[in-house]
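A.B. asks:
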Amino acid sequence: MSDEPSAHPLLRRQMHRLGLDPDQPPGREGWRALLASISRAYGEADTDRYLMERSQELASEEMAELNEALRLARDQAEEMARVKSHFLANMSHEIRTPLNAIIGMSHLALRQPLAPRQREYVENIHQAGQHLLGIINDILDLAKIEAGMVRVEKTEFRFESLLEQIATLQGAHAAIKGLELVFDIAADMPARITGDPLRLGQVLLNYVGNAIKFTQAGEVVVGASVQERTESDALLRFTVRDTGIGMTEEQVARVFRSFEQADASITRRFGGTGLGLSIAANLAALMGGEVGVESAPGKGSAFWFTARVGIASNARIMHGAPAPLAGTRVLVADDNAHARQVLREMLAGMGFDAHAVSCGEAAVAEIGRADRALEPYGLALLDWQMADLSGVEVATRVQQDRLTAPPAMALVTGHDRERVQELATGIGLAEVLIKPVSPSMLHDRVVSLLQGAAAARAAAVMTDASPPAAGGSDGLAASPPAPAAAHAALHGRRVLLAEDHPLNQMVAVDLLQQIGMQVEVAGDGAVALARAREGGWDLILMDMQMPVMDGLAATRAIRALPGPAGAVPIIAMTANVLAADRDACLAAGMVDFIGKPIAPEALFETLCRWLPSRSQTGRPD
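Just so we're on the same page, this note's numbering is the position in the sequence shown counted from 1, plus 2.
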């Protein structure tokens, strides 16, 4: 074995490449070739190292440039969002201010005695103003959604407040068109939920409004059920089904897109922007749900959406009948199959022995048959308008039949409510149920009617006398409810109105004076502050945008006043209606917020909430 050191493996490989024997000393030329090869290798390594370092430098420079570009893009996007938000706020304010005058003054004019043609003109102005307000609200809502400015609230509320809102705002529209508006609510619906009542109501009202708009005859059914449920939350499914014009598959595919309707002819015939359903889809997504529709031409549509809500109470929406009344026989007479079925099922779910007939003649016959069979009905709910006999005619014939145990009776109607109430009172019926009937309304009215009838029979037995003639043979006292003292808490209260726009001043002053309030006007925030310092005010209504001193600054200054002058309730009444505006008002020290155009009942309701009695000021019930 040789003691000479062996060449390094790298050197051996390089010598092999050059055709040299690593175990034999190379000659002069061999050494020269070997050294040249090694030099080239080192040169290539230096070049590679340089290129790598240069690439890293360029990558770092490009990364820095990219980061700077991203920062600039982010800053530009934030600035655009601020500009868009500012534009939205200004546009909303500038449009709502004159619209408030149009809607408010037409409302005031309609409360005055007018010739028929004059009333028609003013009603058209008022309706056009409301329509324009709806379009503006849709455009602003879509813009706020796209700008990421819509927040979903988490508030505990009664589920049935959504139904009451639909009945109040859409019931009259359905009645005018002769449509049946029906609530079909699952019995396991929680009574109280946690969610955003404003946004849930907005989607529902949009669906119901569209259903009424596109339905010329038949019915609109509002359904609600629990799709998924845990101990703490639930996924609710709302469905609005109509018997309207329906849609093709192509129309269904684009109906939830912005600024699109199912057909261009729909815009010409029915109006609208095509924004409502797009807004509904976005709001449903914000509430953890989705939207959809099933439809066919000429067969109506069923629009649905889901929303995730919290369960605030284990109580169910369907109340059971009190033990003494459970099993009482109740008859429903209605010629609309869906309305008849829903009422019967709700009554059965409450524990009553519910039956139904489809016409007036059948109701008269069934009540008579049951009385003769000694299984009388305790109550009959009679639809006011049926194909053969009206509810009034049915009640009159039942009263004339001299039954052994006549049922209590009530009319059910969604049409001509005032007239039906007069007719009911005229034949001795004390109760009229207004469609659409919610579960709680049905429960409370039915229990009240049955308990009233039982009390009347007991009183008759104790006095050994027949029921009072004025109450009719149905055993009910014909004493209509005492008229409510509407807005009584507001009469004589002193209000300071801080408003710079003359037309808005006129609208607000007239509305407040009509309910007996004492109103004084301050034309800017500085004057409002000076008048507030004098004291003696029950409440201040504050506009946000005013000269000299704006409403926010004036509110902060008033809150700094000592004693009662600084504690008076201040309510924003402004055309600035974005969520940021509301937050700014509350942060400045205001206690509530009313958007323009002013809805009179919303204004009065808010005032009553903050002026509940003479002994309480500045604190709601």
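Cβ atoms here follow ideal geometry from the backbone N, Cα and C, with glycine treated the same way.
I'd like the span of the beta strand (DSSP E) that includes Pro303, first residue to last.
C.D. replies: Note on residue identity: the sequence assigns Ser, not Pro, to residue 303. Note, Ser303: beta strand (DSSP E), 303–313.
A.B. asks: Name the DSSP bridge partner or partners of Ser297?
C.D. replies: Looking at the DSSP assignment, Ser297 forms a beta bridge with Ser303.
A.B. asks: Quick check on the burial criterion: 16 or more other C-beta atoms within 10 angstroms. Buried or exposed for Pro566?
C.D. replies: When all chains shown are included, Pro566 counts as exposed.
A.B. asks: Which term fits Met352, buried or exposed, when burial requires 16 or more other beta carbons within 10 angstroms of its beta carbon?
C.D. replies: So Met352 ends up on the buried side.
A.B. asks: Say whether the stretch 541–552 touches the stretch 574–591, bearing in mind that this needs 3 or more beta-carbon pairs closer than 8 Å, one atom from each stretch.
C.D. replies: Short answer: they touch.
A.B. asks: Give, in chain order, every unbroken run of the alpha helix (DSSP H) that is at least 4 residues long and sits entirely within the stretch 333–410.
C.D. replies: Correct list: 339–351, 362–374, 393–402.
A.B. asks: Comparing C-alpha positions only, which one of Val334, Arg331, Ala356, Arg201 sits nearest to Met289?
C.D. replies: Closest by alpha carbon: Arg201.
A.B. asks: Report back the beta-carbon spacing between Ile600 and Gly106 to the nearest angstrom; my notes put them in contact at under 8 Å.
C.D. replies: Yes, they are in contact, since the Cβ atoms of Ile600 and Gly106 sit about 6 Å apart, within 8 Å.
A.B. asks: Output the distance between the C-alpha atoms of Arg219 and Ala555, rounded to the nearest integer angstrom.
C.D. replies: Looking at the sequence itself, residue 219 is Ala, so the reference to Arg does not match. Computed Cα separation, rounded: 54 Å.
A.B. asks: Taking the DSSP output, what are the residues bridged to Gln129?
C.D. replies: In the DSSP output, where bridge partners are listed per residue, Gln129 has none listed.
A.B. asks: Report the rounded CA-to-CA distance for Leu135 versus Glu70, giving the unit in angstroms.
C.D. replies: Approximately 44 Å, taken between the alpha carbons.
A.B. asks: Give me the Cα-Cα distance between Ile147 and Ala532, rounded to the nearest whole angstrom.
C.D. replies: Their backbone Cα atoms lie some 40 Å apart in a straight line.
A.B. asks: Evaluate the contact criterion for the stretch 301–318 versus the stretch 192–207: three or more CB pairs, one atom per stretch, below 8 Å.
C.D. replies: Flag = yes, the stretch 301–318 and the stretch 192–207 touch.
A.B. asks: What residue range is occupied by the uninterrupted beta strand (DSSP E) comprising Ile436?
C.D. replies: Residues 434–436.
A.B. asks: Is it the case that the stretch 178–193 contacts the stretch 330–349, given that we only count it when at least three CB pairs across the two stretches are under 8 Å?
C.D. replies: Short answer: they touch.
A.B. asks: Between His321 and the rest of its own chain, which residues show a CB-CB distance below 6 Å, the 5 nearest in sequence each way excluded?
C.D. replies: Counting only Cβ-Cβ distances below 6 Å, and skipping sequence neighbours, we find His445.
A.B. asks: Going by the CB atoms, is the gap between Ala397 and Leu405 shorter than 9 Å?
C.D. replies: No, the pair does not count as a contact, with Cβ atoms beyond the cut-off.
A.B. asks: Check Val257 in the structure and name its three-state DSSP category.
C.D. replies: Val257 falls in the coil class under three-state DSSP.
A.B. asks: Here's the rule: buried if 16 or more other CB atoms are within 10 angstroms of the residue's CB, otherwise exposed. What is Ile178?
C.D. replies: Label assigned to Ile178: exposed.
A.B. asks: Looking at the structure shown, is Asp446 part of a helix, part of a strand, or coil, going by DSSP?
C.D. replies: Here Asp446 sits in helix by DSSP.
A.B. asks: Measure the alpha-carbon distance for Glu292 versus Phe258 and round it to whole angstroms.
C.D. replies: Cα to Cα, Glu292 sits roughly 11 Å from Phe258.
A.B. asks: Can you tell me whether DSSP reads Phe272 as helix, strand or coil?
C.D. replies: Its pLDDT being 45, under 50, Phe272 is placed unreliably in this model, and the coordinates cannot settle the point.
A.B. asks: Considering just the uninterrupted stretch of the beta strand (DSSP E) at Leu183, what are its terminal residues?
C.D. replies: 182–187 is the span of the beta strand (DSSP E), which, as asked, contains Leu183.
A.B. asks: Just confirm the distance between the C-beta atoms of Ile281 and Leu144, as a whole number of angstroms; I'd bet it's less than 8 Å.
C.D. replies: 6 Å between Cβ atoms; contact.
A.B. asks: Pick from Ala335, Gln172, Met411: whose alpha carbon is nearest that of Phe185?
C.D. replies: Among Ala335, Gln172, Met411, the Cα nearest to that of Phe185 is on Gln172.
A.B. asks: Does the stretch 412–419 come within contact of the stretch 358–370, defined as at least 3 CB pairs closer than 8 Å?
C.D. replies: As far as the Cβ criterion goes, the stretch 412–419 does not touch the stretch 358–370, which means the pair count is below three.
A.B. asks: Would you identify the three-state DSSP class for Ala500, choosing helix, strand or coil?
C.D. replies: Correct three-state label for Ala500: strand.
A.B. asks: Less than 9 Å between the beta carbons of Val593 and Ile572, yes or no?
C.D. replies: Their beta carbons are under 9 Å apart, which means Val593 touches Ile572 by this criterion.
A.B. asks: For Gln167, which of Ala298, Arg611, Asp526, Ala604 has the nearest alpha-carbon?
C.D. replies: Comparing Cα positions, the closest option is Ala604.
A.B. asks: Rank Ala75, Met65, Ile247, Gly278 by C-alpha distance to the C-alpha of Phe216 and give the top, closest one.
C.D. replies: The option with the nearest alpha carbon to Phe216 is Ile247.
A.B. asks: Which residues share a DSSP beta bridge with Phe216?
C.D. replies: Partner(s): none; Phe216 has no beta bridge.
A.B. asks: When you compare only the Cα positions, how much space is there between Thr49 and Ser57?
C.D. replies: The straight-line gap from Cα to Cα measures roughly 12 Å.
A.B. asks: Are there 16 or more other CB atoms within 10 angstroms of the CB of Arg447, so buried, or fewer, so exposed?
C.D. replies: The residue in question, Arg447, is buried, as its Cβ has 16 or more Cβ neighbours within 10 Å.
A.B. asks: When you compare the CB positions of Val224 and Pro438, do they come within less than 9 Å of one another, or not?
C.D. replies: Yes; because the gap between Cβ atoms is below 9 Å, this pair is in contact.
A.B. asks: Ala356 and Arg331: beta carbons closer than 9 Å?
C.D. replies: The answer is yes: Cβ separation under 9 Å.
A.B. asks: Decide if His503 is buried, meaning its Cβ has at least 16 other Cβ atoms within 10 Å, or exposed.
C.D. replies: Per the 10 Å Cβ criterion, buried.
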